[in-house]
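Numbering (the numbering used here), first residue to last: 662 to 990. Here a beta-carbon is modelled for each residue, glycine too, at the ideal position from N, C-alpha and C. What follows is a single structure, written as C-alpha cells, with notes after it.
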Ligand SMILES: [Zn+2]
Ligand SMILES: [Zn+2]
C-alpha cells in the first residue's frame, strides 16, 4: 500500500541525515526574491509565457494549427528560450549546463518527438480515437465552450492522468524502475523534463484527450502550457513565480523538492505542471532542494537509463556469472 509523505514540510534536519545532501533550503514565500526589478521580471516570466501561449494559439491561423510541425517548433522554441535564460539568471552554479548534460538532454528531446510521439500516437491516441468512433462517443458540448475553458479541460485531463501515473510510479516497484532514471539526474535544466527511461516516457505520455471533441488549437495550447510550466519547473533559472501562479502550477521550488535525495523525500509534489492536484489529493510539500539525485547521486549514462528497469534481471544473470548490476532501490 502506498505511503504518503510524512509531513508537508521537510526540514533540513530530515535531509541532512540523507547521504549526499550537502545543503537544503526551505524559504518562506515572503523571502523569495530580493525585490529588485530584475528579480521581479524573472519571477513574472512563467506567467507571462503562459499568457503569451494562450494568446498565440487563440489567434493562430488554421494553416499554422494544421501544420504538423507547429507544436514541435513551439515546444523546441520554449526549451531553447528557457535554456537561454539559464545563462542570464542562473539558480544554482552546481546545476550549470555542461556540453555532456546538454548532449544527453538533446538526445531525449529528439527521442520524445520521434519514437515516443510515434508510440504514443500508434498505441494510445489512435486506438482511443477508433474506440470513440466505433462507439459513437461524442462530446460536442466541449466544442461549444470558450477557448480558455477548452484549454483548461485539456490541461486538467492530461495532468490528472499524469499525476496518478506518476504517483503509481513512486508506489509500485515495477513502475518505479521505469521512473527512477529521471530521479538519477544530478542537476536540473530546461530540457531535463524529457530525460527518462523510454518506457516511463511512453507511460507518462498517455492521456484520454483523444476521447474528447476539442479544437486542435486548444489541444496544442494545453500541451504548450504544460510544456512551458514543466520546462520552468526543471530549469536552472532563478525564477520564483508569484503565489497566484504557484498555487495552480508547479514551480522549480516544488519540483526540485520532488527530485531531492532519498527515496522517501521524492514522494510528494507529483504533478508535472498542475501542482493544484497535489494540494487537492494531499501530496503537496512546501520547500526547495538544490541537491538532487538518487543512490548517492549516481549519474546514469543513456545506456544505464535504458537498461535500468531490467536491473533485477541483469543482476540475477550477473550473479550467475559473478558480476553485479546497478543498485535497485
Ligand atoms: Zn517522480
Ligand atoms: Zn522532474
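In three-state DSSP terms, what is residue i?
| i | result |
| --- | --- |
| residue 962 | coil |
| residue 885 | helix |
| residue 809 | helix |
| residue 953 | strand |
| residue 934 | coil |
| residue 754 | helix |
| residue 666 | Low confidence applies here, because residue 666 scores a pLDDT of 45, under 50, leaving its location unreliable; read the following figure in that light. Three-state DSSP puts residue 666 in coil, outside helix and strand. |
| residue 711 | helix |
| residue 922 | coil |
| residue 875 | coil |
| residue 890 | helix |
| residue 734 | helix |
| residue 870 | helix |
To the nearest angstrom, report how far apart residue i and residue j are at their CA atoms.
| i | j | result |
| --- | --- | --- |
| residue 807 | residue 814 | 11 Å |
| residue 972 | residue 864 | 19 Å |
| residue 832 | residue 697 | 42 Å |
| residue 799 | residue 805 | 13 Å |
| residue 882 | residue 946 | 28 Å |
| residue 721 | residue 740 | 20 Å |
| residue 919 | residue 708 | 22 Å |
| residue 835 | residue 852 | 25 Å |
| residue 797 | residue 871 | 13 Å |
| residue 725 | residue 717 | 11 Å |
| residue 812 | residue 766 | 28 Å |
| residue 858 | residue 781 | 15 Å |
| residue 760 | residue 953 | 19 Å |
| residue 719 | residue 879 | 8 Å |
| residue 896 | residue 913 | 7 Å |
| residue 783 | residue 775 | 12 Å |
| residue 843 | residue 830 | 11 Å |
| residue 820 | residue 930 | 13 Å |
| residue 789 | residue 982 | 45 Å |
| residue 942 | residue 749 | 36 Å |
| residue 822 | residue 846 | 24 Å |
| residue 975 | residue 712 | 48 Å |
| residue 777 | residue 785 | 11 Å |
| residue 860 | residue 839 | 6 Å |
| residue 727 | residue 887 | 20 Å |
| residue 935 | residue 905 | 13 Å |
| residue 902 | residue 856 | 24 Å |
| residue 738 | residue 978 | 44 Å |
| residue 928 | residue 841 | 12 Å |
| residue 747 | residue 762 | 13 Å |
| residue 957 | residue 743 | 29 Å |
| residue 754 | residue 850 | 11 Å |
| residue 703 | residue 940 | 25 Å |
| residue 793 | residue 868 | 14 Å |
| residue 816 | residue 955 | 30 Å |
| residue 791 | residue 980 | 46 Å |
Assuming residue i and residue j make a contact with CB atoms under 8 Å, what is their CB distance in whole Å?
| i | j | result |
| --- | --- | --- |
| residue 862 | residue 773 | 6 Å |
| residue 757 | residue 899 | In fact, because the Cβ distance is near 13 Å, the residues do not count as touching under 8 Å. |
| residue 911 | residue 854 | Not confirmed; about 10 Å, so no contact. |
| residue 909 | residue 937 | 5 Å |
| residue 889 | residue 714 | 6 Å |
| residue 824 | residue 932 | 5 Å |
| residue 803 | residue 873 | 5 Å |
| residue 949 | residue 917 | 5 Å |
In the DSSP assignment, find the unbroken alpha helix (DSSP H) run with residue i in it and report its ends.
| i | result |
| --- | --- |
| residue 793 | 787 to 796 |
| residue 765 | 760 to 772 |
| residue 855 | Premise fails: residue 855 is in no alpha helix (DSSP H) and is neither H nor E. |
| residue 947 | Careful: residue 947 lies outside any alpha helix (DSSP H) and carries neither H nor E. |
| residue 836 | 834 to 844 |
| residue 979 | 972 to 981 |
| residue 726 | 723 to 726 |
| residue 905 | 904 to 909 |
| residue 781 | 778 to 781 |
| residue 729 | Unbroken run through residue 729: none, as it is neither H nor E. |
| residue 803 | 801 to 804 |
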